[in-house]
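Everything below concerns the one structure shown next.
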Amino acid sequence: MKAVATPKVSRTSAFPVVWVVPLLALAIGGWMILREHLNRGPEITIEFAEASGVEANKTLLQYKGVAIGEVQGVELKQDLKVVVVRVLLNKDAAALACEGTQFWIVHPQIDFSGVRGLDTLVTGAYLAILPGTGPPATDFKGIEQPPPAQNKDLGRGFVLWCDKLGAITSASPVYYREMKVGEVESSQLSDDSTQVLIRIRIYKPYADLVRTNTQFWNAGGLSMKMGLFGSEISTTSIESLIVGGIAFATPDGELAPPAPDGTPFIMKDEANKDWLKWQPKIPLHSPESTPAAPVRGGEIPFVH
1119 MKAVATPKVS
1129 RTSAFPVVWV
1139 VPLLALAIGG
1149 WMILREHLNR
1159 GPEITIEFAE
1169 ASGVEANKTL
1179 LQYKGVAIGE
1189 VQGVELKQDL
1199 KVVVVRVLLN
1209 KDAAALACEG
1219 TQFWIVHPQI
1229 DFSGVRGLDT
1239 LVTGAYLAIL
1249 PGTGPPATDF
1259 KGIEQPPPAQ
1269 NKDLGRGFVL
1279 WCDKLGAITS
1289 ASPVYYREMK
1299 VGEVESSQLS
1309 DDSTQVLIRI
1319 RIYKPYADLV
1329 RTNTQFWNAG
1339 GLSMKMGLFG
1349 SEISTTSIES
1359 LIVGGIAFAT
1369 PDGELAPPAP
1379 DGTPFIMKDE
1389 ANKDWLKWQP
1399 KIPLHSPEST
1409 PAAPVRGGEI
1419 PFVH
């Protein structure tokens, strides 16, 4: 009969392999949480009159086509009059949280004046931003429409005073000799609510067409006049018939100085017949060359 060997007892316990995977997952999760914390920017709140299409953990805040934050929550304020949207900014976008910054919701808009926000048909609504220059801030009031363009290279802006808005809307065309040379940016009531103020922008090549004595009128819709020999119906274009439009003319003779940016004008309901006859020669500061005027009966060379 053989003797049984005495077993050796080890005092060092082996590490259970079964714990490797959970601990590794815990380490990775902790690292991801730390990275997320380090990349977090400030949380801001934006108040809107309504927030259709805005969803928590889905709607993004975009600047120049780049996502710089995400909506964390959407809730009604206690007075039930406004919607409060909480947005968490990325760390590299923290500088945008300052006084003067403007926020608005981008929705798809399709009309005769153009197509805007078409990408939201696929991605859904998103928040857009125009940075301010003030001190840091976290509470903001959103705007309903995008702010007017700030780029001076786009031309010059003017303010038209009129009795009523009519069919004119944002992006309605502005015409000179029935050619589109600008567009409407925004509109609002005057401080005393007796007039409507319309902000327009004339594109850079045509900005000098507007002089200090230029006349503006509402060119939207149909114009009908009855006379002894029948009726006269006119409209500037199909586009202005649908979305409204504005036209202007500058007097003949010695040219008045070009109107500076922000010059106010009175806009009439319709044009005076004499205005439609004005044909002043106003040089355009445009890189495009213009063909020489034809002699009577000749043809205008086509510029490619």
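Residues 1119 to 1422 (this note's numbering) are what the sequence shown spells out, left to right.
For glycine and all other residues, C-beta sits at the position ideal for the given N, C-alpha and C.
Taking S1363 and P1291 to be in contact with their CB atoms under 8 Å, please state how far apart those CB atoms are, rounded to whole angstroms. Walking along the sequence shown from the start, residue 1363 turns up at place 245. Walking along the sequence shown from the start, residue 1291 turns up at place 173. Note that residue 1363 is Gly in the sequence shown, not Ser. Indeed, because the Cβ distance is near 5 Å, the residues count as touching under 8 Å.
Nearest neighbour of K1322, chosen from P1375, V1314, E1301 and N1175 [CA to CA]: Counted from its first residue, the sequence shown places residue 1322 at position 204. Residue E1301 is the option with its Cα nearest to K1322.
Taking the Cβ atom as the reference point for each residue, do E1165 and V1224 lie within a distance shorter than 9 Å? For the purposes of this step, residue 1165 is taken as residue 47 along the sequence shown, with counting starting at 1. For the purposes of this step, residue 1224 is taken as residue 106 along the sequence shown, with counting starting at 1. A distance of 9 Å or more separates the beta carbons of E1165 and V1224.
Taking 9 Å as the threshold (beta carbon to beta carbon), is E1262 in contact with chain B? The structure shown contains no chain B, having only a single protein chain.
Got a sec, what are the start and stop residues for the beta strand (DSSP E) E1262 sits in? As a working note, residue 1262 is residue 144 in the sequence shown. Premise fails: E1262 is in no beta strand (DSSP E) and is neither H nor E.
Let's see if you can read the secondary structure: which residues bound the beta strand (DSSP E) around S1304? Residue numbering aside, residue 1304 sits at position 186 when the sequence shown is read from its first letter. For S1304, the uninterrupted beta strand (DSSP E) segment begins and ends at M1297 to L1307.
Identify the residues that DSSP records as bridge partners of M1385: which are they? As a first step, residue 1385 must be located in the sequence shown, where it is residue number 267. DSSP lists F1334 as partners of M1385.
Alpha carbon to alpha carbon, how far is A1212 from R1158? Give it in angstroms, no decimals. On the sequence shown, position 40 is the one that residue 1158 refers to. On the sequence shown, position 94 is the one that residue 1212 refers to. Straight-line Cα distance between these residues: approximately 9 Å.
Of the residues N1336, W1396 and D1370, the one placed nearest C1280, counting alpha carbons only: Here residue 1280 corresponds to residue number 162 of the sequence shown, with the count starting at 1. For the residues N1336, W1396 and D1370, the minimum Cα distance to C1280 belongs to N1336.
Pick out whichever of R1317, A1255 and V1172 has its Cα sitting closest to the Cα of W1222. Numbered from 1 along the sequence shown, position 104 holds the residue referred to as residue 1222. Per the Cα distances, V1172.
Per DSSP, I1186 is paired with what? Numbered from 1 along the sequence shown, position 68 holds the residue referred to as residue 1186. DSSP output for I1186 lists no bridge partner at all.
I1364 - containing beta strand (DSSP E), residue span: The sequence position of residue 1364 within the sequence shown is 246, counting from 1. Note, I1364: beta strand (DSSP E), I1364 to A1367.
Closest residue to I1320 among T1312, T1251 and P1376 (Cα-Cα distance): Locating residue 1320 in the sequence shown gives position 202, counting from the first residue. The residue with the shortest Cα to Cα distance from I1320 is P1376.
Does the structure place the segment 1173-1180 close enough to the segment 1256-1266 that three or more beta carbon pairs sit under 8 Å? Touching, no, given that fewer than three Cβ pairs across the two stretches are closer than 8 Å.
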